[in-house]
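Notes follow the structure.
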Amino acid sequence: MPRAVMAGAAVVAFGAAAWAATSPHQAALSLLLVAAALLVAGAAWLDPGLGASKTLALVATLAAAAAAGRVLFAAVPGVQPVTVVAVAAGAALGARAGFGVGALAALVSNFFLGQGPWTPWQMLAWGGCGVAGALAAPLIRRRLPFALLCFVLGFAFSGLMDIWEWYSFYPHTWAALTVQLGRGFWFDAAHAIGNVVIALIAGPELRRLLERYGRRLRTEISWA
């Protein structure tokens, strides 16, 4: 069943992307459909991988903590802990958990900061940060590599959101894209630098804590 859902979502995403390419004036709606289809595929991917109730509870708790931190830092433009928490979760618990933490944190925090057509793309972008943490897990055990990855992902996240906004609402010209990226550069830089500070302070420690908890979840006790 999850594979069928993922295949169907992929077909919808491809169709919506083709619609965006052939009808630029409908870009906002078609890209929203792309994001929704990809999130459905992501939910189907998560289903068999996060079946244990304790794992689901841990993912939900981490997402809630990341969302609370994002709301708390809302007064500081660009600074938010979601990327660091998602990367740590992915590195410690695997790609599915990392994706779940990032996507859920975006959704929950936007109930306080404002929902909109940007929400699915934020969910995908932060979920992708969790997957990146899982893929880079062997390389980010030390503090500086962990912080460097979070720095790069800060610019990647913000760049994706800038490109989405440009393609959805502005003329599809290189000049408009340059203006959009230039206008958001300092906000993007604040996000990346904030990630570095948070990662240097607590990133590896959070990963080690989650790894210990993950080992406890995977431990099976047999009674003789």
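Residue numbers (the numbering used here): 98 to 321.
Note that beta-carbon positions come from the ideal geometry of N, C-alpha and C, so glycine has one too.
Note that this is a predicted model, so its numbers are computed, not measured.
- In the DSSP assignment, Pro217 falls within the alpha helix (DSSP H) that extends over 216 to 232.
- When the five nearest sequence neighbours on each side are left out, the beta carbons in the same chain lying within less than 6 angstroms of the beta carbon of Ala203 are those of Gln219, Met220, Trp223, in order along the chain.
- Closest by C-alpha distance to Leu155, out of Phe252, Tyr264, Leu257, Val182, is Val182.
- Shown here for Ile295: same chain residues with a beta carbon closer than 7 angstroms to its own, the five before and five after excluded, namely Pro178, Val181 in chain order.
- Each of His288, Phe252, Ala286, Ala229 was checked against the Cα of Leu190, and the nearest Cα belongs to Ala229.
- In the structure shown, the three-state DSSP call for Tyr264 is helix.
- In summary, Leu306 is exposed, with fewer than 16 beta-carbon neighbours lying within 10 Å of its beta-carbon over all protein chains present.
- Contact annotation, Ser255 with Gly281: C-beta distance approximately 6 angstroms; criterion of less than 8 angstroms satisfied.
- With contacts defined by Cβ atoms closer than 9 angstroms, Trp263 and Ala273 form a contacting pair.
- Annotation for Gln277: the continuous alpha helix (DSSP H) segment containing it runs 271 to 280.
- Between the stretch 199 to 218 and the stretch 236 to 253, the count of Cβ pairs shorter than 8 angstroms is below three; the stretches do not touch.
- Boundaries of the alpha helix (DSSP H) harbouring Gly197: 192 to 210, taken from the DSSP string.
- Between Phe208 and Gln277, the alpha-carbon positions lie close to 26 angstroms from each other.
- Here DSSP, grouped into helix, strand and coil, assigns Pro301 to helix.
- Here the C-alpha atom of Ala160 lies approximately 12 angstroms from the C-alpha atom of Gly187.
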